[in-house]
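Following: one structure in C-alpha cells, then a few remarks.
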Amino acid sequence: MKFHDIELPNEKNTTPNIPKQVFLLALTLIVLTIIPLCLNNDSRSPLPSPKIDTKDLKSIESEEKCDVFSGKWVPFSQGPYYTNETCDLIIDQQNCMKFGRPNTEFLNWRWKPDECELPLFDAVQFLELVRGKSIAFVGDSVGRNQMQSLLCLLVGVVHPEDITLNYTSDTINFKRWFYADYNFTLATFWSPFLVKASDADPSGHSYNSIMNLYLDRVDEAWAAEITTFDYVIFSAGQWFFRPLMLYENDQLVGCYKCQQENITDLTQYYGYRKAFRTAFRTILSLKDYKGVTFLRTFSPAHFENGDWNKGGNCVRTKPFTKEELRVDQYITEMYLTQMEEQRAATKEGRKRGLEFRLLDTTEAMLLRPDGHPNHYGRSQDKNITIADCVHWCLPGPIDTWNEFLLYMLKREGQLTLGRKLQKND
C-alpha cells in the first residue's frame with residue numbers, strides 16, 4: 001500500500017522527473033563550487049558570473065520531485081551507521097543490543113524508494129547544511145527517539161555539548177545540544193498532545209489515566225521557545241489513544257473513552273485534528289517565526305498477541321512484505337487527519353511566506369514490526385513486563401527518518417538557492 005496514493009481533496013498525483021533533478025543538482029553544485037573559489041582568490045580578478053538559464057531555475061520550484069517516501073525495504077549488508085558502543089548517547093529505553101536482543105537481522109535492511117535512490121546519510125554534509133542554524137523536535141517520545149537517532153548519526157564527526165541546564169532544569173523532557181564547530185543547536189520539546197494538557201484524575205498520572213485536553217490552547221512549553229528555530233519538526237500519535245476529556249473555549253465538549261454519562265463520546269481523531277490545527281495556527285501566528293515547519297507523519301505500533309497492557313509483544317525479526325501487510329483503519333484515519341491539517345497549513349503558510357514540509361515516514365515504518373525494543377529496552381520506571389512496540393531500537397529503522405530529513409534539507413537548499421539566483425537575475 002502506498003500511503004502517498006491515498007487521495008485527498010484537490011490533491012494531484014506527481015511523477016518524478018529524474019533527469020531534470022540530476023541536472024539541477026549539478027547546477028547547484030557548480031554554483032556552490034565557484035563561489036568559494038572567487039572568495040579565496042583575492043589576488044586575481046573575480047571569475048565571471050556563470051550564465052544561468054532562468055527557465056532551469058524556475059524548474060527547481062515546479063518540477064515533480066522523486067517520492068522517496070514510497071518504496072520497500074531491501075537487504076543491506078553494510079549494517080548500521082553506528083552501534084551502542086560507538087554512540088554513548090543512546091538511552092536505555094532504545095538500547096536494544098545492550099539489553100540482550102538476540103538477533104541483529106533487523107539492522108541489515110535499507111529503504112529503497114520505488115523510482116529513485118535515497119542517498120546514504122552523510123554526517124559532514126548534514127552538519128554543513130545546518131551550519132549556523134537550529135532544529136527543534138516537538139512532540140512525544142517517538143519524536144525524541146528521532147532526535148536521539150540524529151545525535152548518534154552525527155557523533156562520528158563531532159560530539160555535542162549538552163546545554164540543557166542553560167534553559168531548564170527538566171533534563172528528561174527537554175534537551176538542547178550544541179555543536180560549537182558548526183554553531184548548530186539541536187533541541188527537543190516534549191509535548192505529546194501539542195496543546196495544553198493536565199491530569200484529570202486527582203490521584204495522579206499513570207499509563208492509562210484520563211487526561212484533560214484543551215484543544216484550542218497551545219502548549220506553551222514549546223510555543224514560547226520556538227520562534228528562533230530554523231527548522232521545527234512536529235509529530236504526535238499514541239497519546240491520543242488514552243482516555244481524554246476534551247475542552248474548547250474552556251468548556252467540556254466531549255470525551256474519548258471516558259465512559260461517563262451525559263458526555264458526548266468523540267473519537268480520537270477529533271482531538272488529534274484539533275491539536276494539529278492549533279499547533280499549525282500557532283506557528284502561523286508567531287510574529288517573528290521564519291522557520292521551515294515539518295510534519296513527521298504517524299508512526300505505527302506493532303503489538304501482536306494482545307494489546308500493550310494485555311501481554312502484547314513484537315517478536316518479529318524481519319520486515320513485512322507489502323503482501324503481508326495489513327493496515328488497520330485507525331492508522332489510515334490518523335494519517336489522513338494529519339495530512340489534511342498539514343495541507344491547510346501549507347496553503348495558509350504560502351500567503352504568509354512560511355514553508356511547510358512533510359516527512360512521510362508512515363509507509364516505511366508500517367513495514368518494520370521488527371524494529372521495536374519489545375522487551376530489550378529499559379524504560380525509566382524499570383517496568384519490563386510491558387513490551388515496547390511503539391519506540392524504535394537504536395540503531396534501527398528509525399535512522400531512515402534522518403536520511404529523509406537530510407534529503408529534504410538538501411532539497412530546501414536547492415529551492416533557496418534557486419530563489420536567490422532568480423532575484424539576482
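For the sequence shown, the UniProt record's numbering begins at 1 and goes up steadily by one. All C-beta atoms in this analysis are idealised placements derived from N, C-alpha and C, irrespective of residue type, glycine included.
Between the CA atoms of residue j and residue i - distance to the nearest angstrom
{"i": "leucine 8", "j": "arginine 343", "result": "No answer about leucine 8 holds up, because its pLDDT of 43 lies below 50 and its placement is not dependable."}
{"i": "methionine 408", "j": "proline 119", "result": "11 Å"}
{"i": "proline 319", "j": "proline 395", "result": "15 Å"}
{"i": "aspartate 88", "j": "methionine 97", "result": "13 Å"}
{"i": "proline 75", "j": "leucine 284", "result": "42 Å"}
{"i": "alanine 224", "j": "tyrosine 289", "result": "11 Å"}
{"i": "histidine 391", "j": "asparagine 145", "result": "7 Å"}
{"i": "glutamate 323", "j": "proline 160", "result": "42 Å"}
{"i": "alanine 187", "j": "asparagine 262", "result": "42 Å"}
{"i": "tyrosine 256", "j": "phenylalanine 121", "result": "41 Å"}
{"i": "phenylalanine 126", "j": "aspartate 399", "result": "14 Å"}
{"i": "glutamate 412", "j": "aspartate 201", "result": "45 Å"}
{"i": "proline 113", "j": "glutamate 363", "result": "11 Å"}
{"i": "glutamine 414", "j": "valine 130", "result": "14 Å"}
{"i": "threonine 227", "j": "glutamate 220", "result": "12 Å"}
{"i": "tryptophan 177", "j": "aspartate 265", "result": "42 Å"}
{"i": "threonine 171", "j": "tryptophan 222", "result": "15 Å"}
{"i": "aspartate 388", "j": "aspartate 216", "result": "31 Å"}
{"i": "threonine 267", "j": "alanine 236", "result": "16 Å"}
{"i": "glycine 371", "j": "leucine 286", "result": "37 Å"}
{"i": "leucine 165", "j": "tryptophan 190", "result": "16 Å"}
{"i": "valine 347", "j": "valine 218", "result": "At residue 347 the sequence reads lysine, which differs from the valine that was named. Near 21 Å, if we compare the C-alpha coordinates of valine 218 and lysine 347."}
Which residues DSSP lists as bridging residue i, in chain order
{"i": "arginine 176", "result": "Ala187"}
{"i": "glycine 156", "result": "Glycine 156 pairs with nothing; no bridge assigned."}
{"i": "phenylalanine 356", "result": "Thr293"}
{"i": "tyrosine 376", "result": "Answer is none; tyrosine 376 lacks a bridge partner."}
{"i": "phenylalanine 234", "result": "Val138 and Leu295"}
{"i": "threonine 197", "result": "In the sequence as presented, threonine is not what sits at residue 197; that position holds alanine. Answer is Leu213, bridged to alanine 197."}
{"i": "valine 218", "result": "Val195"}
{"i": "leucine 252", "result": "Tyr247"}
For residue i, the three-state DSSP class (helix, strand or coil)
{"i": "phenylalanine 241", "result": "helix"}
{"i": "aspartate 92", "result": "helix"}
{"i": "tryptophan 75", "result": "A small fix is needed here, since residue 75 is proline in this sequence, not tryptophan. Correct three-state label for proline 75: strand."}
{"i": "alanine 364", "result": "helix"}
{"i": "phenylalanine 404", "result": "helix"}
{"i": "tyrosine 81", "result": "coil"}
{"i": "leucine 409", "result": "helix"}
{"i": "methionine 211", "result": "strand"}
{"i": "tyrosine 167", "result": "coil"}
{"i": "lysine 351", "result": "helix"}
{"i": "leucine 246", "result": "strand"}
{"i": "aspartate 67", "result": "coil"}
{"i": "leucine 394", "result": "coil"}
{"i": "glutamate 161", "result": "strand"}
{"i": "aspartate 181", "result": "helix"}
{"i": "residue 428", "result": "Examination of residue 428 is not possible in this model, given that the chain is present from 1 through 425 alone."}
{"i": "threonine 332", "result": "helix"}
Whole-number beta carbon distance between residue j and residue i, since they are thought to touch under 8 Å
{"i": "tyrosine 272", "j": "tyrosine 247", "result": "Tyrosine 272 to tyrosine 247, Cβ: 15 Å. No contact."}
{"i": "arginine 378", "j": "phenylalanine 106", "result": "Wrong, their Cβ atoms sit about 19 Å apart, outside the cutoff."}
{"i": "phenylalanine 193", "j": "threonine 293", "result": "No, phenylalanine 193 and threonine 293 are not in contact; Cβ-Cβ is about 18 Å, not under 8 Å."}
{"i": "phenylalanine 241", "j": "isoleucine 135", "result": "Actually they do not touch by this definition, with Cβ atoms about 28 Å apart."}
{"i": "residue 479", "j": "asparagine 313", "result": "Because residue 479 is not part of the residues shown, which for the chain are 1 to 425, the question remains open."}
{"i": "phenylalanine 303", "j": "isoleucine 331", "result": "Their Cβ separation, rounded to whole angstroms, is 13 Å, which puts phenylalanine 303 and isoleucine 331 out of contact at 8 Å."}
{"i": "alanine 279", "j": "phenylalanine 234", "result": "6 Å"}
{"i": "leucine 295", "j": "leucine 359", "result": "7 Å"}
Continuous alpha helix (DSSP H) assignments of at least 4 residues falling wholly in the segment 102-149 | 123-129
Output the residue ranges of the alpha helix (DSSP H) runs that lie fully inside the segment 254-313 and measure 4 residues or longer, sorted by chain position.
-> 268-285
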